[in-house]
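Residue 110, in full-length UniProt numbering, is where the sequence shown stops; the numbers in between run on with no holes. What follows is one structure encoded as structure tokens, with my remarks underneath.
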Amino acid sequence: MLVGHAIKEVIIEGEDKVYKDVIEPLESVSINFVSTNKEDIRDFGPPQQVAGTFIKTFLAPSSQKTKLIEASEHDVDGTAYYTFEFIAQAPNYTRHALSTICIGNGNFSL
Numbered sequence: 001m002l003v004g005h006a007i008k009e010v011i012i013e014g015e016d017k018v019y020k021d022v023i024e025p026l027e028s029v030s031i032n033f034v035s036t037n038k039e040d041i042r043d044f045g046p047p048q049q050v051a052g053t054f055i056k057t058f059l060a061p062s063s064q065k066t067k068l069i070e071a072s073e074h075d076v077d078g079t080a081y082y083t084f085e086f087i088a089q090a091p092n093y094t095r096h097a098l099s100t101i102c103i104g105n106g107n108f109s110l
């Protein structure tokens, strides 16, 4: 993974890899790998359905109001990727996030 000079890897418990922008501290990238018996992200359903499930189940607490802005599918060298954009509203802040998920080598990557 290529990263700029202002991006530094940090250790956060429960995350496989996390990179934070030292200039814009609210910007970060996290990467997680979870074993799965599925072979293709499409086995979970269409992009909008999968995005909605992931947002509500894994990416935002139930106390936050969420809104899916867009969800799409694209293919890279025979691997399907779902990319989605969403907003999560907490009482004191709004989080705008982009996520890309796929399955490869027996791992669900998000």
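The C-beta atom is built at its ideal place from N, Cα and C for all residues, glycine as well. Bear in mind the structure is a predicted one, so any value in this text is a computation, not a measurement.
Going by DSSP, what residues sit across from residue i in a beta bridge?
{"i": "HIS5", "result": "Beta-bridge pairing links HIS5 to no other residue."}
{"i": "GLU73", "result": "TYR82"}
For residue i, which of helix, strand or coil comes out of DSSP?
{"i": "LEU26", "result": "coil"}
{"i": "GLY106", "result": "coil"}
{"i": "ILE55", "result": "helix"}
{"i": "ILE12", "result": "coil"}
{"i": "residue 115", "result": "Because the chain spans 1 through 110 in this model, residue 115 falls outside it and cannot be assessed."}
Specify, as a first and last residue, the run of the alpha helix (DSSP H) that residue i falls within.
{"i": "PHE33", "result": "Not the alpha helix (DSSP H): PHE33 falls in the beta strand (DSSP E), residues 33 to 35."}
Since residue i and residue j are thought to touch, with beta carbons under 8 Å apart, how far apart are those beta carbons, to the nearest angstrom?
{"i": "SER109", "j": "PHE33", "result": "6 Å"}
{"i": "ARG42", "j": "ALA71", "result": "With a Cβ gap of about 13 Å, ARG42 and ALA71 do not count as contacting."}
With respect to the beta strand (DSSP E) encompassing residue i, which residues constitute its N-terminal and C-terminal limits?
{"i": "LYS38", "result": "First-last for LYS38: undefined, no H or E at that position."}
{"i": "TYR19", "result": "17 to 21"}
With 16 other CB atoms within 10 Å as the buried threshold, where does residue i fall?
{"i": "PRO47", "result": "buried"}
{"i": "TYR82", "result": "buried"}
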